[in-house]
Amino acid sequence: MNEVELIHLILDRLGTAGRDAQLKIGPGDDAAVVAWEPEQEMVVSTDVCLDGVHVPRDCPGDLVGYRTVAMSVSDIVAMGAVPRYLTIALTIDQADVDWIAAFADGVRDGCTDANTTVIGGNLAKGVKQIAVTAIGSVPRGQAILRNTAEPEDDIWVTGKLGATSLALQTMTTWSPRGLSDLKRLTSTDVIARYLLPPIRTRFVDCVRECASACTDISDGLGFELTQLVSGSSYGYRVESREIPLWPSAELEEVLTQDDSYEILLTSANDKREMVLNYAQSSDIPISLIGKVLSTSDRIFIPDHDVISRTTGYSHF
1 MNEVELIHLI
11 LDRLGTAGRD
21 AQLKIGPGDD
31 AAVVAWEPEQ
41 EMVVSTDVCL
51 DGVHVPRDCP
61 GDLVGYRTVA
71 MSVSDIVAMG
81 AVPRYLTIAL
91 TIDQADVDWI
101 AAFADGVRDG
111 CTDANTTVIG
121 GNLAKGVKQI
131 AVTAIGSVPR
141 GQAILRNTAE
151 PEDDIWVTGK
161 LGATSLALQT
171 MTTWSPRGLS
181 DLKRLTSTDV
191 IARYLLPPIR
201 TRFVDCVREC
211 ASACTDISDG
221 LGFELTQLVS
231 GSSYGYRVES
241 REIPLWPSAE
251 LEEVLTQDDS
261 YEILLTSAND
271 KREMVLNYAQ
281 SSDIPISLIG
291 KVLSTSDRIF
301 IPDHDVISRT
311 TGYSHF
């Protein structure tokens, strides 16, 4: 297949994930045209998924497609915004029709779970990687930043952490499985959870209504905790035993290299019941793990020494 034929293949596989009522001109032209609401602000984030870094080498296309969507919309949700649209640029070294078709299927499933739409992108030959731009909307003036926590705020995290390191330890003997199989195992299998991160769009209202600061966990919990108080003189106190870990997960690994894409937020303690109600109504597990301090101390109890190991993942 040539480039044009491959693009049509992708669009056919996307189905309704490539169409939207407010999309005036969609995939297939030089650019997309979208009608935008006057009382909404646009939230935009771009991520790159690298073969062998963010996904295992030779990972099945449907798993890569789903994971790239989940990674990208996570940033939008962390801002208290609703994911609306994606543009996806796929670079691949050969016209592997089966892999590309499976990739489009994974994107479609991810878009369905995130209630978002692909509005354009690009296809090119080269080293395999995917660049995704996610576009969301939030009521004017209501976007949530990640470094605006206040003293005495509660610190919350959704889901369970630690699947990343556990999965990577066992991936060398892993036999690739399809998306439909792994989606049924994300609550019990670390590889399934690592490859298919949770899409927390049902938690957007809680972030916007309750959070004083918010981020997603993509570079280790320690690094993300620091982001909540960066640029201020504040610190935090975390009860290590309250951090929700996968069985056998090590705290140090969670602090330094977890990319679970769970939501980490702070909230005034008088909103504690509201946070718990949102979590229950959206069926999303959430844990209270600490609080923001008025001093610059960064304390883990009882693991006092872990503060030296919270630098997080860095590409460079």
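FYI, our numbering numbers position 256 of the sequence shown as 256, with every residue one higher than the one before it. Virtual Cβ for every residue (Gly too), placed ideally from N, Cα, C. None of the values given here were measured: they were computed from a predicted structure.
To the nearest whole angstrom, what separates the beta carbons of residue 176 and residue 59, a pair I think is in contact under 8 Å? Contact holds; Cβ gap of about 7 Å.
Taking just the CA atoms, how far does residue 146 sit from residue 230? Answer to the nearest angstrom: the Cα atoms are 9 Å apart.
By the DSSP assignment, the beta strand (DSSP E) with residue 156 in it spans what residues? In the DSSP assignment, residue 156 falls within the unbroken beta strand (DSSP E) covering 154-158.
Can you tell me the Cα-Cα spacing of residue 213 and residue 111, whole angstroms? For residue 213 and residue 111, the gap between their C-alpha atoms comes out near 26 Å.
Hey, how far is the Cα of residue 12 from the Cα of residue 195? Each residue's Cα considered, the two are about 25 Å apart.
Would you call the segment 93-112 and the segment 224-242 touching, i.e. three or more CB-CB distances under 8 Å? No, because fewer than three Cβ pairs between the segment 93-112 and the segment 224-242 fall closer than 8 Å, the two stretches do not touch.
Look at the Cβ atom of residue 265, then the Cβ atom of residue 144, and state whether they are nearer than 9 Å. If you check the CB distance, residue 265 and residue 144 come in under 9 Å.
Reduced DSSP category for residue 295 - H, G, I as helix; E, B as strand; rest coil: The answer is coil: DSSP assigns residue 295 none of H, G, I, E or B.
Starting from residue 136, trace the beta strand (DSSP E) both ways and give me its first and last residue. 129-139 is the span of the beta strand (DSSP E), which, as asked, contains residue 136.
Note down, in chain order, each residue of its chain lying with its Cβ closer than 7 Å to the Cβ of residue 131, except the 5 sequence neighbours on either side. Around residue 131: 46, 48, 89.
Since residue 323 sits in a beta bridge, which residues does DSSP pair it with? The first residue shown for the chain is 1 and the last is 316, placing residue 323 beyond what the model contains.
What residue ranges within the segment 59-142 form continuous alpha helix (DSSP H) runs of no fewer than 4 residues, ordered along the chain? With a minimum length of 4 residues, the continuous alpha helix (DSSP H) runs that stay inside the segment 59-142 are 61-78, 97-114.
Among 261, 208, 40, which one has its Cα closest to the Cα of residue 267? If we check each option's Cα against that of residue 267, 208 comes out closest.
Buried versus exposed, by CB contacts within 10 Å (16 or more), residue 166: Burial state of residue 166 is buried, judged by a 10 Å Cβ sphere holding 16 or more other Cβ atoms.
When the Cα atoms are used, what is the spatial distance from residue 157 to residue 203? Answer to the nearest angstrom: the Cα atoms are 12 Å apart.
Our contact map puts residue 77 next to residue 193 with C-beta atoms below 8 Å; I'd like the distance itself, whole angstroms only. Incorrect: roughly 17 Å between the Cβ atoms, too far for contact.
DSSP state of residue 41 mapped onto helix, strand, coil: Note: residue 41 maps to strand in three-state DSSP.
Helix, strand or coil at residue 219 according to DSSP, with G and I counted as helix: Residue 219: coil per DSSP, three-state reduction.
Look at the alpha carbon of residue 254 and the alpha carbon of residue 25, and state the distance between them as a whole number of angstroms. Their backbone Cα atoms lie some 43 Å apart in a straight line.
Spatial neighbours of residue 225 in its chain, beta-carbon cut-off 8 Å, leaving aside the 5 residues before and after: Counting only Cβ-Cβ distances below 8 Å, and skipping sequence neighbours, we find 155, 236, 238, 264, 298, 310.
Close beta carbons around residue 123, own chain, < 7 Å, minus the five adjacent residues each side: Excluding sequence neighbours, residue 123 sits near 3, 6, 7, 90.
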